[in-house]
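Counting in the working numbering, the sequence shown runs without a single skipped number right up to 909 at its last residue.
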Amino acid sequence: MKFCVDTDNKNSWYIGTNNFDAEMANKMETLMFQGNGYFGIRATSEERQLNERRNMFVSGTFDEFPSEVTELPNLPDLLNMEFKIDGETLSLAKGQIKGYHKYLNLKNGELVRKFSWLINGKRVDFKYSRFISMSDKHLLVSKVEIASDQDNLNIQVRSGIDGQQSNSETQHLMEGDKRLYEDKYLQLMEETQQSHIKFVFNARHNVYIDEVLLSEKPFINMGRRQIFANYDIHLNQGQHFSMTKYASVYTSIDRDVDQKTMAEKSVSRLKQNCAFNYDEQLRKSTKVWEKDIWQKNTVKISAKDIRPQVAINFARYQLAANTPRDTRMNIGAKGITGEGYKGHTFWDTEVFMLPYYIFTMPNVAHDLLRYRYHGLAGAHKKAQFNNYRGAQFPWEAAWPDDGESAPLWGSADIVTGEPMKIWSGFIEQHVTSDVVIAIMDYINATNDQNFAQKMGYEMILDAAIFWSSRLEYNRNQDRYEINDVIGPDEYKEHVDNNAYTNYTARWCLQKAIKVYNLIKTDYPNLYEKLDTKLDLTKNYADWLVKVNKIYLPQPNADGVIPENDQYLDKKIIDVSRYQVNNQLSSIFKDYNLSQINEMQITKQADVLLLIYLFGDLFSDEVKQSNWDYYEPKTTHDSSLSLSTHSILASDLNLDDSAYKFYERACETDLGIHAGKAAQGLHMAACGGVWNMTVEGFGGVRIENGKLKIEPHLPLAWDGLEYQITWHGSALKVKINNDKLAVEVIGKGINFISFGEEYQIPANSEIEITLPVIAEV
Ligand code: BGC
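Here it is as structure tokens:
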């Protein structure tokens, strides 16, 4: 495994770099991203750099610029601090930089950068530290410390709120008032031009010489969309300068503020926060990280190499930093770490990130699913637009009732020169099944009846209405088909009967039939309510007619399930050079999408994803045949592919492959490729790291509603410990080469392991000797 960041062999909570490499700068900004789910900032430096991507986003604040799709606006910069030392502006491109060190503490999200600047014969030492608070979600605290070997050093600093930002030159924000309170609280107000979300940004500075607070008022200057405080300081040799900047952001969609009083109240809140110094604020925030995140879902890997532990710590850190705790919002494919994918949510959440939350923080999983419930109006709108019924969840989702938010056009086709139409928003429909898969997993793992009856069952039924209206009857074959779709493999557009889509659509209908019967007998009031709302009696009759006639592509003589009706007849080419290439989508250098469409080339797990998610539907032989057939044809051009392959390889006892895919998947963001992650993280890959560790090697799965734990510890590891929750009890699982120990904290639970069902009584522990499985 090769990481682009330095790790510390003793501390797996640390990622850093010891040199400033302009080539890697954008990637580092992404990797060292800081956030608390409410807002987040890329790890740009306080002083401006060439080609930086200076981004700050607040979750859910979507705005649609004319002729573009809705996106999260890039907000005014609260980090900026411009220093002039004896009249010379600090820049890493000038003079000499010595002892450069930038590192992120994953345990509490603190970012530290230090270096010495050698300029005009002087040496000035800088240390910057900052964090986004987990204890007050609106707060950012940063600090700079300066010392020098010179006497009478002049330090001029300009720091404040800089609204001269854009999303790649698109300007979403209209300028509002700028204000100064009590000579030191700076305030800028702005509003999005279409969604009319109001923002308030505040900042205040405390400057200290040798720990003594400077009483002088700053000189304030304001420009277009800017307000700054300026200080002019003289520092003698041996003296120490430090400045703490407290900044905050509030919006009119926040649930914890009243927008009428937001401007004044946010300033009083900042004032209260200023009563605590940097270290005290950091301690408060660190406590929340510890209590709300780390204690909930320990994952401990015993191995000689520390990088697997770094990878899982990094993944959990990023998930926490990018998950909004607001049911009107969801996790973007790139979180809030960059402009990529515009903050939109995809099926990435349900299939790749929700397992982590369902098993470790079910309350967060609940809220993420509730977002889909809020999105039902948008899902109905989408279905109606396409002449279907029921709830068709959008391929790309933004504000819940926006409905479909996918862009229409992508980059130019290298052969025709024309812009390529992005078909996913129209015909990549499996996301509706993916939502149902996550709902069922959540209900099975938590037994949360309240959610099931208030939201879950309704969404399952509504999704089935969509699928039923979507099915096409083929008279000749007397079967129902789903034609003209894109499956998970986005390199095959306009295909008929994509296996993943058809199997999961039928599964949705089967679940809806079960739910219908359950609520009719057990919850008559709910039944009546939903019958009136969704015309259940009629729809149920319709499902019964169709469910067993949905065409499910069957394994052929070689055991291969056709990915779609056309796939197996297409030309086969050797894709190995696109697999090993450390550049995403390099196949596009040689072919355009129409040409790729005509070849047996798969972008990401498709049939194999079906086999992984619905393992009980397929025999081991069929699983193996499909692995042998599809993996060599898969370019893994989506960050969603590698983790699925690692887990499936674990299931198939392909231990070597499982570990190779695991390592490659961990490298998705942390690896050495400069382009990957430059525009934002791959959140599904972060979920994937947990999935590979706990579901793949740790063997956790939900099968037919039951918990299964069948570990496959990699040879390179001596042990693995993790914690999950099941039906409200905490399970502490410890695995080593021949033993599985499960301790239950809470009420007793049942689980299956290698064909045996075990019962663990309340608050007790069980130890099982693992069967010896020959590696294939
Ligand atoms: C993948 C999709 C994924 C999207 C967002 C695409 O490249 O093919 O499956 O949902 O990226 O991560």
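C-beta atoms are modelled at their ideal positions from N, C-alpha and C, and glycine is treated no differently.
Residue i and residue j closer than 7 Å at C-beta
i, j, result
"F591", "G558", "With the sequence shown as reference, residue 591 is identified as Glu, and Phe is not the correct amino acid for it. No; because the gap between Cβ atoms is not below 7 Å, this pair is not in contact."
"V822", "A448", "yes"
"S772", "M825", "no"
"L853", "G831", "yes"
"C819", "L452", "yes"
"P209", "L321", "yes"
"H477", "G465", "yes"
"K766", "I734", "yes"
"I330", "I288", "no"
"P457", "S268", "no"
"Y383", "N406", "no"
"G813", "G471", "yes"
"G228", "F248", "no"
"I252", "E221", "yes"
"H815", "F794", "no"
"S862", "K880", "yes"
"R186", "N159", "yes"
"Y364", "V340", "yes"
"D595", "A524", "yes"
"Y613", "K671", "no"
"L368", "L286", "yes"
"T325", "D534", "no"
"P351", "A336", "no"
"D343", "Q372", "yes"
"S145", "V345", "no"
Reduced DSSP secondary structure (H/G/I, E/B, other) of residue i
i, result
"G748", "helix"
"H778", "helix"
"E614", "strand"
"M189", "strand"
"K135", "coil"
"N650", "helix"
"N607", "strand"
"D141", "strand"
"A176", "coil"
"I530", "With the sequence shown as reference, residue 530 is identified as Ala, and Ile is not the correct amino acid for it. In the structure shown, A530 sits in a strand (DSSP, three-state: E or B)."
"N697", "coil"
"R263", "strand"
"Y684", "coil"
"H367", "strand"
"V940", "This structure gives no information on residue 940, because the portion of the chain shown stretches from 134 to 909."
"I386", "coil"
"G829", "helix"
"T721", "Correcting the residue type first, residue 721 is Phe in the shown sequence and not Thr. Here F721 sits in helix by DSSP."
"V277", "strand"
"L98", "Outside the shown range of the chain (134 to 909) lies residue 98, about which nothing can therefore be said."
"T394", "coil"
"E561", "coil"
"Q304", "coil"
"W480", "coil"
"T801", "helix"
Bridge partner(s) assigned by DSSP for residue i
i, result
"S249", "K231, D258"
"L319", "L313, A336"
"P552", "A545"
"D210", "D295"
"G149", "D139, Y236"
"R834", "K841"
"D196", "E204"
Any C-beta of chain C under 7 Å from that of residue i
i, result
"V390", "The question asks about chain C, but that chain is absent: this structure has only one protein chain."
Check: Within the chosen definition, does the region 401 to 416 reach the region 262 to 271 through at least 3 CB pairs nearer than 8 Å?
Finding: With a cut-off of 8 Å on Cβ pairs, the region 401 to 416 is in contact with the region 262 to 271, counting three or more such pairs.
Margin query: Taking contact to mean 3 or more Cβ pairs, one atom from each stretch, closer than 8 Å, check whether the region 137 to 146 and the region 169 to 178 are in contact.
Written below: Result no; under three Cβ-Cβ pairs closer than 8 Å.
Note to self: Any contact between the region 291 to 307 and the region 148 to 164? By contact I mean 3 or more CB pairs, one from each, below 8 Å.
What the structure shows: Counting C-beta pairs with one atom in each stretch, the region 291 to 307 and the region 148 to 164 have fewer than three that are closer than 8 Å, which means they do not touch.
Item checked: At least three beta-carbon pairs within less than 8 Å, the region 782 to 797 to the region 747 to 764 -> The region 782 to 797 makes contact with the region 747 to 764; the number of CB pairs closer than 8 Å reaches 3 or more.
Next item on the list: Could you tell me whether the region 419 to 434 touches the region 271 to 280, where touching means 3 or more Cβ pairs closer than 8 Å?
Entry: Judged by Cβ distances under 8 Å, the region 419 to 434 makes no contact with the region 271 to 280, as fewer than three pairs qualify.
Notebook entry, point to check: Per the contact definition of three or more C-beta pairs closer than 8 Å, is the region 642 to 657 in contact with the region 592 to 609?
Noted result: Here the region 592 to 609 makes contact with the region 642 to 657; the two share three or more CB pairs at distances below 8 Å.
Checklist line | Segment contact, 8 Å Cβ cut-off, at least three pairs: the region 503 to 522 with the region 542 to 552 | finding: Touching, no, given that fewer than three Cβ pairs across the two stretches are closer than 8 Å.
Item checked: Touching by the beta-carbon criterion (3+ pairs, under 8 Å), the region 554 to 571 and the region 614 to 625 -> Contact holds: three or more Cβ-Cβ distances are below 8 Å.
Item checked: Any 3 or more C-beta pairs closer than 8 Å across the region 387 to 407 and the region 233 to 245 -> Taking one beta carbon from each stretch, the region 387 to 407 and the region 233 to 245 have fewer than 3 pairs nearer than 8 Å; the two do not touch.
Margin query: Pairs of beta-carbons, one from the region 627 to 640 and one from the region 683 to 701, closer than 8 Å: are there three or more?
Written below: The region 627 to 640, when compared against the region 683 to 701, does touch it at the 8 Å Cβ threshold.
Note to self: Does the contact criterion of 3 or more C-beta pairs under 8 Å hold for the region 577 to 593 versus the region 858 to 873?
What the structure shows: Flag = yes, the region 577 to 593 and the region 858 to 873 touch.
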